[in-house]
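Student:
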Amino acid sequence: MRTAHGVATLDPVDVGNHVCWMVGPGEDTAGPARAFVADGELFGDMVLVLGDTGGTHRGPVSWESFFTEVSRGTERADREGFRALRVLADLSRLPAADTRPEILARHELRLDALAADSGAILVCVYARAALTPQAIDQAAGVHPHHLGRGAVGPGFRLFSSSRDRWSVSGVVDTEGAETFRTALGELLTLTPVLHLECGDLEFMDSAGLTVLATAARGLPGRRIELHRANETLRRGWTLLGFEHPEIPVELKS
Amino acid sequence: MSHPDVAPAAPVPGTGVRHILFPYADEDRFVHGALSFVDSALGAGEAVVVAVSGPRERLLREALTGAGTRDGVSFLDSGELGSNPGRLIPVWQAWIGKVAQEGRPVRAISENRWAGRTGAETAELRYHEWLLNKAFEQSPVWWLLCPFDTGADQEGTLRSLERCHPLVLGDEGPVPGADYAEGPYAFEVLGDPCDPDEELAFSAGALASVRERVTACAARHGLAGDRLRSLLLAATEVAANSIKYAGGGSLRTWAEGSRVVCEFRDGGYIADPMAGRIRPTIDQVGGRGLWLVQQMCDLVQIRTDPRTGTVVRLSMDVDAG
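Line by line, the protein sequences are chains V and U.
Just so you know, our numbering puts 38 at position 38 of the first sequence, and the rest follows in order with no gaps.
Just so you know, our numbering puts 1214 at position 214 of the second sequence, and the rest follows in order with no gaps.
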């Protein structure tokens, strides 16, 4: 089972990890990137670097091209006997339209499912200065892992836990509710029944719970099943009256 | 002693709660007053609900059985009402609403547990008694008889309860209480903190820091698991309100007896005294945060003033749960 956590360096990054690296102004990226690539050779990974190499930028020009390269790479890595595909992708030059929160959520969640399924290692490098505060939170919220010390992005992480299952961990509070709404909305377009693992979710506050209820009601024919919700989450849900026939959310044991 | 509804002094406007303080000195007087109240209600075809503590409940059940009227009375488990007085009004609202749907007027007997409470709890319970009058101003008429054992009176509780009840049950039935204070309510001053942690100032983006501070204090005093999560949820709601309505605030935490206490201060003002005491509907916009706060914590103390701002204290018992 994948779990969300932060890493202080790229050294411990492992198979199936999907890391958000939000680079600040003046931050050294070359050193950690070289070490990351060197680790790939050490562990027998197929390395794919999409970004500045020797002064020439060849980062993904679109989300589709990025996904295609990763998808093909995982197949090739598997075919050629590598342990995994190891990707370092500089996404700082994506067009502004492609870094809107809902676009970021859509494509990063799709990439996360690919990493979870294939075991690919993905490190997504963003330039903090190129993103809006909302986009920064969105990018961090839909990666199970982030590089850096201290709190990064919203209090929750939403990511693929296994095939057709998603996990939400941490805390969904007022400050992260909009980010959660966007991510949830994207997932609900993909499947009629969204299975959300909540074993590592501490709680949702009233804003988070309201987003969950509203999102479930918002798309006809959709349903959300929460698995392993703790007592605090269950109480909050019940106390707000959301155990209601009009709200297609079910709290499983 | 005559029954409340035949007393000439009882006011009879079209809405609201007839909130009657019933001081009694011994069990005989308690039983006599309660039976008289029940008999009159049943005679008028009204619904009767009783929420009193264990010994009083047994006494009343026996007396009702002896009088042959036991079947017409519903008993609420007073334990399920919880210790936080901030949760009591919605319990009554739910019950009154349910019975009102059946088209029957309601009479209730409710004796609060005063013994064994902290000073802070007692103060909040007194405020709850006063707030009941406001909470049901627009409701269909119902009667609430509040027995109070004068033998157990401590620290002037009876006197302060007289300020909270518009009616007092005397020998000749209910009469307007001479000391009833319509408002504004005179809150007790909050007690001093016990060796609080260093104050944390917070603003937008700092909810995680608020939770870190609360978690650290809770860990030192043994509060963990779902009760800690419930306190963190409540703290998150209160801090978010401070940020939204006052741009931020400050937090102090400490332990007092077996309780972990979190105190939030900000420059905002909560105009609605019923905030957090009315169950939200699924479609309403906002207004859910303070409701969860009241439901999640063992005690919530709110002091708010348009000139000086708002103080919210959340308490969670380490030993309960």
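Note that CB positions come from ideal geometry on N, CA and C, so glycine has one too.
Since we're looking at a predicted model, the values are computed, not measured.
Whole angstroms is fine: what's the gap from Glu1046/U's alpha carbon to Thr214/V's?
Tutor: Whole-angstrom Cα-Cα distance: 41 Å.
Student: Run through chain U and tell me which residues come within less than 8 Å of Glu175/V, C-beta to C-beta.
Tutor: By Cβ distance, chain U contributes Ala1204, Gly1205, Leu1207 and Ala1240.
Student: Can you have a look at His5/V and say buried or exposed, based on whether 16 or more other CB atoms are within 10 angstroms of its CB?
Tutor: Exposed, since its Cβ has fewer than 16 Cβ neighbours within 10 Å.
Student: In whole angstroms, give me the CA-to-CA distance for Phe82/V and Ser169/V.
Tutor: Each residue's alpha carbon lies about 31 Å from the other.
Student: What residue range does the beta strand (DSSP E) around Ser1074/U cover?
Tutor: Looking at the DSSP string, the run of the beta strand (DSSP E) that includes Ser1074/U is Val1073 to Phe1075.
Student: Determine the chain U residues that contact Asp200/V at a beta-carbon separation under 7 Å, and present them in chain order.
Tutor: Residues of chain U passing the Cβ test: none, with the nearest at roughly 12 Å.
Student: Closer than 7 Å, Cβ to any Cβ of chain V: which residues of the stretch 1212-1230 of chain U, in chain order?
Tutor: So the list reads Asp1226, Arg1229 and Ser1230, given in the order they occur along the chain.
Student: Contact between the stretch 233-249 of chain V and the stretch 1283-1293 of chain U is defined here as three or more beta-carbon pairs at a separation below 8 Å; is this criterion met?
Tutor: Contact between the stretch 233-249 of chain V and the stretch 1283-1293 of chain U is present, because at least three Cβ pairs lie under 8 Å.
Student: Is the shortest distance between the beta-carbon of Asp205/V and the beta-carbons of chain U less than 7 Å?
Tutor: So, interface residue.
Student: Look up Phe1264/U in the DSSP assignment and give the residues it is bridged to.
Tutor: Answer is Leu1251/U and Val1312/U.
Student: Between the stretch 1299-1318 of chain U and chain V, which residues of the former have CB atoms less than 7 Å from a CB of the latter, in chain order?
Tutor: Answer in chain order: no residues at all.
Student: Along the chain, where does the beta strand (DSSP E) containing Leu1169/U start, and where does it finish?
Tutor: Per DSSP, Leu1169/U belongs to the beta strand (DSSP E) from Leu1167 to Gly1170.
Student: Please state if the CB of Leu209/V and the CB of Gly236/V are separated by a distance shorter than 7 Å.
Tutor: Their beta carbons are under 7 Å apart, which means Gly236/V touches Leu209/V by this criterion.
Student: Using a 10 Å radius around the Cβ and a threshold of 16 neighbouring Cβ atoms, would you call Leu1167/U buried or exposed?
Tutor: Counting Cβ neighbours within 10 Å, Leu1167/U comes out buried, since at least 16 surround it.
Student: Residue range of the beta strand (DSSP E) that His1019/U falls in?
Tutor: Where His1019/U is concerned, the enclosing beta strand (DSSP E) stretches over Val1017 to Tyr1024.
Student: Enumerate in chain order the residues of its own chain whose CB-to-CB distance from Lys252/V is below 6 Å, with the five nearest sequence positions on each side excluded.
Tutor: Only Glu225 and His227 meet the Cβ criterion.
Student: Are the C-beta atoms of Gly218/V and some chain U residue less than 7 Å apart?
Tutor: For Gly218/V, the answer is no, since every Cβ of chain U falls outside 7 Å of its Cβ.
Student: Which class does Pro144/V belong to by DSSP, given the choice of helix, strand or coil?
Tutor: In this structure, Pro144/V counts as coil in the three-state DSSP scheme.
Student: The beta strand (DSSP E) spanning Met1274/U covers which residue range?
Tutor: Counting along the chain, Met1274/U falls outside any beta strand (DSSP E), and DSSP gives it neither H nor E.
Student: Identify each residue in the stretch 234-246 of chain V for which the Cβ-Cβ distance to at least one residue of chain U is less than 8 Å, and report them in chain order.
Tutor: Hits within the stretch, in order: Arg235, Gly236, Leu239, Leu240, Gly241, Phe242, His244 and Glu246.
Student: Note down, in chain order, every chain U residue with its Cβ under 9 Å from the Cβ of Glu231/V.
Tutor: Ordered by position in chain U, the residues that pass the 9 Å Cβ test against Glu231/V are Gly1225, Asp1226, Arg1229 and Ser1230.
Student: Going by beta carbon distance, what residues of the same chain come within less than 6 Å of Ser118/V, once the five residues before and after it are set aside?
Tutor: Answer for Ser118/V: Thr74, listed in chain order.
Student: Hey, does Gly155/V have any beta-carbon neighbour from chain U nearer than 7 Å?
Tutor: Yes, because at least one Cβ of chain U sits closer than 7 Å to the Cβ of Gly155/V.
Student: Could you check if Cys1217/U is buried or exposed, using at least 16 other CB atoms within 10 Å of its CB as the buried criterion?
Tutor: With 16 or more Cβ atoms within 10 Å of its Cβ, Cys1217/U is classed as buried.
Student: Within 10 Å of its beta-carbon, does Gly1014/U have 16 or more other beta-carbons around it, so buried, or fewer, so exposed?
Tutor: Its Cβ having fewer than 16 others within 10 Å, Gly1014/U is exposed.
Student: With a 10 Å radius around its C-beta and 16 neighbouring C-beta atoms as the bar for buried, classify Thr53/V as buried or exposed.
Tutor: Summary for Thr53/V: the model assigns pLDDT 49, below 50, so the residue's position carries little reliability; its value from the coordinates is reported in the next sentence. Result: exposed.
Student: Count the other CB atoms within 10 Å of the CB of Leu1088/U; is the residue buried (16 or more) or exposed (fewer)?
Tutor: Flag for Leu1088/U reads buried.
Student: Applying a beta-carbon distance threshold of less than 9 Å, which residues of chain V neighbour Gly1289/U?
Tutor: Ordered by position in chain V, the residues that pass the 9 Å Cβ test against Gly1289/U are Thr174, Asp205, Ser206 and Ala207.
Student: If you measure between the beta carbons of Asp1226/U and Thr99/V, is that distance less than 7 Å?
Tutor: Cβ atoms of Asp1226/U and Thr99/V: not closer than 7 Å.
Student: Report the rounded CA-to-CA distance for Arg1056/U versus Leu1161/U, giving the unit in angstroms.
Tutor: Answer to the nearest angstrom: the Cα atoms are 20 Å apart.
Student: Can you give me the C-alpha to C-alpha distance between Ile1282/U and Leu111/V, rounded to a whole angstrom?
Tutor: Using only the alpha carbons, I get a separation of about 35 Å.
Student: Please state the DSSP three-state secondary structure of Gly176/V.
Tutor: Note: Gly176/V maps to helix in three-state DSSP.
Student: Under 7 Å between C-beta atoms, does Ile1282/U make it to chain V?
Tutor: Yes, contact with chain V.
Student: Check Gln1295/U in the structure and name its three-state DSSP category.
Tutor: In this structure, Gln1295/U counts as helix in the three-state DSSP scheme.
Student: Rounded to whole angstroms, what's the CA-CA distance from Pro1306/U to Gly1249/U? Just pull it up for me.
Tutor: Their backbone Cα atoms lie some 15 Å apart in a straight line.
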